Each structure stands twice: as C-alpha cells, then as structure tokens.
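In UniProt numbering, the protein residues as written are 1 to 946.
The next block holds one structure in the form of structure tokens; read it before the comments.
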Amino acid sequence: MRVRLNLTRKFIAILMVISVLPLMIVSVASYQVSRTVVNDEVSHYTTELLNSHRDHLDFSLEQLERLIINLSSVEPVLQALGQTEAEMDTYTRLSTQAQIGYILDSYTDLGGVVSIDIFTENGVHYHVGDTLNISNIRTDLRDDIIAQTRAVAPEVVWLGLMENVNRNSNTRHVVTLARALMTVDVGTAQARPVATLLVNYDPQMLQKHFNHVDLGTDGFMLVSDSRGQIIYHPQTDLIGAILHPDLLPLVQESQGSFTHTINDQPMVINAVQSQVTDWLIMSLVPVQTLDQGVQAIGTVTVLAMGLALLIVAVGALLVSRSVVNPIRQLTHRFQLYQSDRPGWSEPLKATSQDEIGELTRWFNAFLETLAARRHAEQALRESESRYVLALQGANDGIWDWDLRTQTIHYSLRWKMMLGYGDDAIGNSPDEWFKRIHPADYDHVRAQIDAHLRGELPHFESEYRMLCRDGVTYLWVLARGMAVADEHGTMVRMAGSQTDISIRKQTEEQVRYELLHDPLTGLPNRTYFVQAIEQMLGHLDLASGRQAAVLFLDLDRFKVINDSLGHAAGDEVLRMVAQRLSNSRRFSDVVARISGDEFALLLPEMRSFESATRVAERIQDTLSQPMVIESLEITIQASIGIAFMTGAYIRAEDLLRDADTALYQAKANGRACAMVFDNEMHTRSMDLLHLDTSLRRAIDEDELRVFYQPIADVQTGHVYGFEALVRWYSWERGMISPAEFVPFAEETGLITRIDLWVLGRALTQLQSWHRQGYNHLSVSVNLSVRSLQNPHLPRLVANLLTAMGLPPTSLHLEVTESAAMLDIEHTIALLKELRAIGVQLAIDDFGTGYSSLGYLRRLPVQILKIDRSFVRDITESKDAAAIASAVIAIGHILDMRIVAEGVETQAQRTFLMHQGCDAIQGYLISPPQPAELAEKLLGQTLFELKR
Ligand code: C2E
Ligand code: CA
Ligand code: CA
C-alpha cells in the first residue's frame, strides 16, 4: 500500500516538476508583469486624472484671478477709492459706493463667488455678496489680509481656505484671494495702495466638482492649500483640517507619487501642484483597490494552477494505476505464494502490449515454472513419504540412491536378505553391484542406465546376488524409479529388492518340465532340438562332420503296449531310457522324442564306423532281456543315423534325415542301423518336388488303379478286390503309394486321389457285375482327409445309384490310426456311410494305438489284420497270439476278419485254423491291372481242408 502511494507521489512530483512548476513560474511571472503593468497603468491614469482635474481647477482659479485683476483695473473704482474721506462728500461717497456696488455686482455672476469685498485705506468697506449685512467684520483677519496683500502688492495673493471676514455670511469658510489696489499719484508718480480687494470663493464649488471623480471604493481626491489646510475632501467635516505634517515632505521627495499608510491603510498617493496657486491636488487610492485587478489575475492564475494540479494529480493517478495495479497484483501473488495460500499460481491478465504487459507475461511464465517446481517438490515429498512408509512396512529390501553423492542407503531388510546385519554393509553403490552375479551384471547396469537416460519408464531387473556365505546366490527382483530435479537432471533413484528365489525355483521347475519327458526323465524333443540348434550355432562349417544324431525306434512296441497294457509299455520305455542313459558318454544328449522314439546327440562323432559302432552297442544293450511284470521281454530297436555338417541350418532337417535313415533301416528288416546317405538325401529332396508332379499326375492321367484279390481263406474263392493306386510317372517311373500317399495326405491331394480311385473302382466293378460276377465287391481306401469331407456319404450314395451298384458291394477301408484321430467324428461319418449300406473295414489293425474297446463303438463289419503280424505268425509266438486274439475278439464283435500280406501256405493254414475269414496277399496275387486281376475270377484256389 505504501509502495503504491509512494509511486503515485513520485509520478505526481515528476509531473509537477515537468509541467506544473514551469506553469507556476510562468504564472508568477505573468502575475508580476501584469501587476506592474496594471500599477503603471493606474498611476498613469491617476496622473492623467489629476492633471485634468488640476487643469480644470486651474481654469476656475484663473477665472477668479482674472476677475480680481479685471476689478483692479476698473478706473472709476480706483478713482473713487483714491479719494480720501475728506475729499468726499456724502453724495460722492454714496454714489461711489453705488457705482462700486454696481460693478462688483456684475462680477458676482461667476459661479462660486461668495462675496467680493474692498477695504479702502480710508476704512470704507465695499461689499457685494451673499449678505448685505457687513456690520460684523473680523477686523483682525481683515487687517492680516491687508497686510499680506500690501507686502506683495500688486501681486494677487491666494490666501487659501480661511474664515469668512464677514461673520454674517452664510458661508463660514471660504477660499480667499486678495490683491492690493494701487493708484499712482499724479504728483509724485508713485503708486500707493488705496484698497484691498477680496474675492471669497465657496469651497463647495470644489466639492461639486471633485465629488464626481471616481477613484474606486476607498479612493478619493484631496486639495490642500500651501499651508496644508484641506480645501477639498469628500468628507466635508475634514475641510479646514490640516494635513498630516509627514505628507507634504513626502510629496516633495517622491515628485508626486508615493505610498503612505493612512489610518493603517496603505494608500497610493499622487499629487500635482496647481499652476495658478501653490495648492496640491492629490489622489489617494488604497493599495488594495489598485491590486484588485491584479488580484483577479492572481486568482485566475491560482485557479488555473489548481486546475492544472488537479489534472496532473488525476492523470498521475490514472497513469500510476496502470502501473501500480499490475505491480500490486504481482505483490499480491507473491504474498499468496509466501503465505502458501491458494491462487498464487493463477496467471495474471496481460492485456496491454507495453512493458507492463511484457512484465506480466514473463511473470506468468515465472509462475508456471514455480508451480511446476512446487509440483515436483510436492511429488518428491509424497514419494519420499511413500518410501518411508514402504521402508517401514515392506517385506522387500529398500534402497535409496543419491546420485549426486553416489551414496546408497540400504534398508535393514535389504541387508538381511543377503545374510548381513545392519552394520556389515556400508552405503557405497559397490555394496550392491559387486554382489551381482557376473553373468547378470551387464544387464542390470544396462537397465539402470537406460532408465536414467529416460528410455525406460522405470528400472526393473531380475538377477542373482551373492549372499554372505560367498557361495550361494539369491534371486532378486529389483525395481526402482529415478527422480529428476527441476533441470531434468536425475538426482535420486530409489526402489526395492524382492526375494524371488521361490518363484525362480518354480520357473526352473516349469522349464525343466517343459524340456523333459515326465515318464523317463529324459530331455524331450524340444530340448533335443535346442541342443542340436545350439551345436549348429557353434559349428565350424569348414570342418565336415561334427556330430552324429541317432534316431531310434523300438520295433513293434505297440504290440507290447496293446497286449500287456500301458503300464507295462511305460515300464519298458523307462528301462530303455535307463539303458540309453547308462550307455551314453558325458557330453551325449539322450532324449525321448515321442512314443517309442528316442534320439541321441553324439558330439565329436566324425566317422561312419564309430557311429555305427555306437548304434550297434546300443542295440546290444537294448536287446538284453528285461523282465516286465514277471514276463521276460526282448526289445529291438532300429536306428537311423545322420551326421551334423555345415549343410544343415535347422535342427529339424537333421532329425528328419535321421528319421529317413531310420525308416530305411526299418524297411531293411528291423533291428538294424542305417546311416543317412546322399541317395536318401536325393530321394527325400525329390519328395519335395512331389507335390507339383503329383498334381500334374492326376491331370495328365499318370495314375492307375491296381486290383488285389481278396479270397475266402478256405476255398481261395475270390469274392472281391482291393483297389490300390499306382503312379506311373514319365519322369520317375513307378512310384510306390507308400512313398506318395503319406505325402499326398500331408498336402491334402489325397482326397482327390481317393475320389478318383473310388470312381475308377466302381466303374470297374460295374463292368464286372455286367459280366456276370455280380457277387463281387471292391474295397477302396479312405485317408484321414477323406474322412473329414462331410459330403463323402452323399457322393458315395450318388455314385452307387448312378452306376446301379448294390451298396453292399462297396467296401470302404479306414486305417486304425486314421479312425482313432478323431474318434467321435469318425464314428458319426461311418454311421452315415453305414446307413447307405456300404460295408466298412478297419485297415492295418494292430498298428494303431487303439485298444480293442474302441472297436465296439466303430460301426465296422470287416477287420483287416496288419501284414506285419501276419508276417511273423509262423515264427513268433507273440505275433501268433496277437493274431489269434484279434480274430477271436473280431468274431465276438461280429466282424469278418481279413488277413493282409499272406504270402505262404503256412500263414494261410494258421489263419484258417484260427478262424480267419479271408486272406489277401501275394499267395493269391499281387495287385495287378484289372484285366490281369479278373483272370482269377471263377477259380477256386485252394483245396478244401479242415
Ligand atoms: P494297404 O491298404 O494296407 O494295402 C495293402 C498293401 O499291402 C499294398 O501295398 C499291397 O501291395 C501290399 N501287399 C499285399 N499283399 C502283400 C504281401 O503278400 N506281401 C507284402 N509284402 N505286401 C503285400 P501298396 O499297394 O504299396 O499300398 C500301400 C498303402 O498305400 C496301402 O496299404 C494303403 O494304405 C495305401 N494306398 C494304396 N492305394 C490307396 C488309395 O487309393 N487310397 C488311399 N487312401 N491309400 C491307398
Ligand atoms: Ca487297404
Ligand atoms: Ca492294410
């Protein structure tokens, strides 16, 4: 408040100095000048006035003087006066008197003349005037006058104001002028006074004249005679009074103009002397009256000054307000800020474009910065208090890192986690970082640095910390957040340290389970693939073979599984795993890939011979009899070997090649080992091109259908044919369905093939039926893919109707494994097909994993025993037992049993005795073109034997 007033005052003062002061000086100067001018004018005017009135007075007095002079020269009067009393007789005297009276009378016309008197030497008194009574004369005065006139005769004497000589006159005081009348003696020629002539003049005449003179309120004229006696004064009672003795000398000194105080009033007095008498005519004007005009100027000046002051003050106020108000607002904001009251951060209105506006805008920006800083401080305080709370309550260790001093406060809990007490750990960052596991250190530092650079919203890292024992590591999770100061520099970072060892253990467990087979405890396929990939990653490409991958498949494991149950199967797998683990070297990796497939990765295995030797040793180990559920079982394995070389990029390729070699080994008769070679490679590479070729094959009619007869096991009477696809590629020659069917299944082409075969087979059957073999049936294979086609039943029905074939003459074969893939769906589809009247067969029975239980649910009428069982029935008791069991169960389920791959009579006999219904195989005929196959029709191939 005080500041504001001061500023305003300063403004006013400055404005005064620059505007009012000069004005004041000018005003005072002009006042002075005008005062001087006015005074000069007044005195000039007064002088003029005095002069004119003096002239006027003088004119009157001159008239009087002329009157007296004229009278003096009237001869008869003089003569009369010259006569002595003696010389005069009464008559003369009387006539003289009358004559003089007459003359005098004519002169009394002059205005103001009271009386004219002549006093002769003889003592005669002639008188004309206001009264006729001259009996009472002031003789002393008369004598005095006579004496005075004689002294200066013949001059006219102005006697001034005096008492009337004639006491009887109405006019008591008169202004008198007198002259001695002289006559010249004829004899002596000397002049001698004869009489004294008196003219009494009425001062009232002056009164009439001067009373009209206007000299302002208190100004007046004054006329005095040479003795200082007042002749005229507006106050008539003062007429006759004597002037103050000081005045006359002053008139002399000042040459007629001076100021004098009369009755306490300063008066400007001007005086001129009559040129006829020595009277003084004065004007007396109070100084005050004179100053009145000047004072008006003064008043106007003062008023103007006042107005100017007012304008200046208002202007200054207005100007200062435009400056002071913003300043006051600024001050107010500061006060709010200082006392921490709300509203201090609200921006001020900056409307003007001047420096004040500029200041306000900068101030607003400053406020904003201040608010941001406050906010940051607040946030910091809050987070600080949060940290304190966390510090007290948390199970986590807390650390608080002052980045400026590079000191870290570690909470007790932090230290305790690592096995330390409070005093054992200082506050240097080293206490933390030197304990980080060397393998984790770089990552942790990188995370912290990334956060400090602002690339990560917070710091978070999992790593191991060395415990107090110097051996064990504790898995911890550290989280932290840095705080920046107002310049954006990170000044502090704080966070927590959580013990995550339990979670890490669980994770480890999960990881282990992900990579291991729970049954055998061996690494699983994923692990194995990773192991290969890891090796491939470190492979020296130039140095040829580096390692060997052995792919191992248990021969006929399914048989064990199906006949002895899964528990036994599992036991076998565990024992195989055990034996494989025992026989491996330290760096070898043994894994269970799937079901009965195992694999070994043998580093530093460079020659075929050593790899084969390892394979043989494994086969030896595995073929040692093992006792399962008190049964002695012998296991055999086929092994495919592939060598890791620079040619491989993916682990899967290596596995695939080992698998190919394994397949080859199985094809070569089981229980042997094969090394993947270039020929296999070429073949497998060729398969890649199969797709294109096969598509073309269908379009360009490279496919054929061969027919293999199915005959009654007892009579050998052919009752049907199985339709089997053949591919005669002009590029590659004949390609076995075993080679391309699995491939076509993968690509989906098989559905086209199946339908094509179906169409062909039915056409062929129609032709046979027309030839009279209308009891014949045809079996067509359906792949998994075909089973997924929902239109299949409708298609089949349409075909049968179109060709006029009885539905029962069509047999559709579905492999056991295909049926098991999606059992519910298969059952549904098979039921639809069954509804048409088509016969259904389970193909390759015994190779799948299905239990016999499932069979019951499948709406099938025919069961085909896989040829791998048939092959061994005459040699292997197991195979024989399985075959008999299958036949028995099949019959219980009301199915017809067909044995596949029957090549010998012995096999046929065995099957026949077991009650098998039909056989198929080379014993009767291989698959052949229709025209060759039909030659078997109508024949009975076997004798009837029981
Ligand atoms: P599969 O259905 O089990 O067919 C019987 C296979 O056994 C035929 O092989 C046949 O030539 C062979 N075979 C028959 N008798 C004997 C024998 O006494 N000894 C030996 N060692 N083998 C015998 P193929 O024609 O090579 O067919 C192989 C497989 O290809 C078939 O097995 C079948 O699963 C599939 N296949 C063939 N044609 C088709 C088809 O049109 N569609 C579908 N989906 N699969 C087909
Ligand atoms: Ca078949
Ligand atoms: Ca079969």
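Quick reminder that beta carbons are idealized off the backbone N, C-alpha and C, glycines included.
Computed from a predicted model, the values in this text were never measured in an experiment.
Identify the residues that DSSP records as bridge partners of Gln113: which are they?
-> Looking at the sequence provided, one finds Val at residue 113 rather than Gln. Answer is Tyr201, bridged to Val113.
Starting from the N-terminal end, write out each residue whose C-beta falls within a distance shorter than 5 angstroms of any non-hydrogen atom of ligand 2.
-> Asn781, Glu813 and Asp843
Delimiting residues of the beta strand (DSSP E) encompassing Thr259 | Ser257 to Ile262
Verify whether the separation of the beta carbon atoms of Asp225 and Thr149 is less than 9 angstroms.
-> no
Taking the continuous beta strand (DSSP E) assigned at Lys864, which residues delimit it?
-> Ile862 to Ile865
Shortest alpha-carbon distance to Leu206 belongs to which of Ile281, Thr259, Ser169 and Pro245?
-> Ile281
Indicate the three-state DSSP secondary structure (helix, strand or coil) for His756 in the structure shown.
-> Correcting the residue type first, residue 756 is Trp in the shown sequence and not His. Residue state, collapsed to three classes: helix.
DSSP three-state call for Arg896: helix, strand or coil?
-> strand
With hydrogens ignored, establish whether the beta-carbon of Glu903 is closer than 8 angstroms to any heavy atom of ligand 1.
-> yes
Which residues DSSP lists as bridging Gly643, in chain order | Note on residue identity: the sequence assigns Phe, not Gly, to residue 643. For Phe643, which the question treats as bridged, DSSP gives the partners Ala548.
Should Phe366 go down as buried or exposed, given a rule of 16 or more other Cβ atoms within 10 Å for buried?
-> exposed
Using only the heavy atoms of ligand 1, determine whether one of them is closer than 8 angstroms to the beta carbon of Tyr663.
-> no
What's the gap between the Cα of Phe869 and the Cα of Lys877?
-> 11 angstroms
Rounded C-alpha distance that separates residue 947 from Thr139 | The requested residue 947 is not part of the displayed model; the chain covers only 1 to 946.
Starting from His458, trace the alpha helix (DSSP H) both ways and give me its first and last residue.
-> Element bounds for His458: n/a, residue is neither H nor E.
Hey, would you say the C-beta of Gly733 is under 8 angstroms away from at least one heavy atom of ligand 1?
-> no
Nonlocal neighbours in the same chain, by C-beta distance under 7 angstroms from Pro347, ignoring five residues either side | Asn364 and Leu367
Cα separation between Gln329 and Glu355?
-> 15 angstroms
Along the chain, which unbroken stretches of the alpha helix (DSSP H) at least 4 residues long are found entirely within the UniProt domain "GGDEF" (545-678)?
-> 557-564, 566-583, 608-623 and 651-667
Residue of Ser27, Val860 and Leu782 minimising C-alpha distance to Met305 = Ser27
C-alpha gap between Gly426 and Tyr420, whole angstroms | 11 angstroms
Under the rule that 16 or more other beta-carbon atoms within 10 Å means buried, what is Gly846, buried or exposed?
-> buried
Go to Asp712, then tell me how far its beta strand (DSSP E) extends in each direction, as first and last residue.
-> Leu703 to Asp712
Touching by the beta-carbon criterion (3+ pairs, under 8 angstroms), the region 648-662 and the region 614-626 | no
Across which residues does DSSP place Gln914 in a beta bridge pair?
-> DSSP output for Gln914 lists no bridge partner at all.
Which one or two residues does DSSP pair with Ala180 in a beta bridge?
-> Thr196
Coil, strand or helix - Val838 by DSSP = coil
Check each candidate in Ala744, Leu631 and Leu654 and name the one with the smallest Cα separation from Ser693.
-> Ala744
Since Phe845 sits in a beta bridge, which residues does DSSP pair it with?
-> Ile865
With a 10 Å radius around its C-beta and 16 neighbouring C-beta atoms as the bar for buried, classify Tyr102 as buried or exposed.
-> exposed
Hey, how far is the Cα of Ala531 from the Cα of Gly837?
-> 54 angstroms
So, helix, strand or coil for Tyr463, using DSSP?
-> strand
What number of angstroms, rounded off, separates the C-alpha of Glu486 from the C-alpha of Met535?
-> 53 angstroms
Could you say which of Ser777, Asp822 and Leu799 lies nearest to Arg785 if we only look at CA atoms?
-> Asp822
Contact under 9 angstroms by Cβ, Phe459 with Arg479 = yes
Collapsed DSSP secondary structure at Gln920 in the structure displayed = coil
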